[in-house]
Amino acid sequence: MCFRNDRITISPVVDSLVWANSRDGRVSCKTAYSQFLRDIPQVVWWRDVWSRFIPHSRSALTWRLMLNRLPTEDLLCRSGFQLASRCSICGVSSESADHLFLHCPLAVALWEAVFSAFQRRVSTETWQSFFL
18 MCFRNDRITI SPVVDSLVWA NSRDGRVSCK TAYSQFLRDI PQVVWWRDVW
68 SRFIPHSRSA LTWRLMLNRL PTEDLLCRSG FQLASRCSIC GVSSESADHL
118 FLHCPLAVAL WEAVFSAFQR RVSTETWQSF FL
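Quick note on the working numbering: the sequence shown kicks off at 18 and runs consecutively.
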């Protein structure tokens, strides 16, 4: 790559590093953390999941389910594990979090019973639709 001298501005001012995300140009833990928080998508349902009225084990399960982090066969296969790819309950579809909790015939029957008791209908397209 070739640079031409006429495009480079030479100035007597000494160059310095400037942190663009702070008012004074200095980097600090506070400004870095503030920038970090701005870049993270907000999770609006976390208070519902981590309620003091819900056992911690159920909250952890729901949290992992919402983030698609349960060790289901579909995720394990993507990580390189070789497994039989059928639901252990119905044996029809491949095992995924959505199938186990929403689309498996046993899950469908369970949700229909629960929601009919409350006289409600809920979309079971995705697990996230319960909270959004």
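Every residue gets a Cβ at the ideal spot worked out from N, C-alpha and C, and that includes glycine. A quick note: this is a predicted structure, and the numbers were derived from the prediction, not measured.
Asked	Found
DSSP three-state call for residue 81: helix, strand or coil?	helix
Quick check on residue 112: buried or exposed, where buried means 16 or more other Cβ atoms within 10 Å of its Cβ?	buried
Please classify residue 116: is it buried, with 16 or more other beta-carbons within 10 angstroms of its beta-carbon, or exposed?	buried
Would you decide whether residue 123 is buried or exposed? Buried here means 16 or more other CB atoms lie within 10 Å of its CB.	exposed
Which word fits residue 104, buried or exposed, when buried means at least 16 other C-beta atoms lie within 10 angstroms of its C-beta?	buried
Whole angstroms are fine: how far does the CA of residue 119 sit from the CA of residue 127?	9 Å
Check each candidate in 79, 142, 70, 102 and name the one with the smallest Cα separation from residue 90.	102
Quick one, are the C-beta atoms of residue 106 and residue 121 less than 9 Å apart?	yes
Given this structure, state the Cα-to-Cα distance separating residue 18 from residue 45, to the nearest angstrom.	For residue 18, the predicted structure reports a pLDDT of 49, less than 50, and the residue's modelled location is therefore unreliable. The matter cannot be settled from this model.
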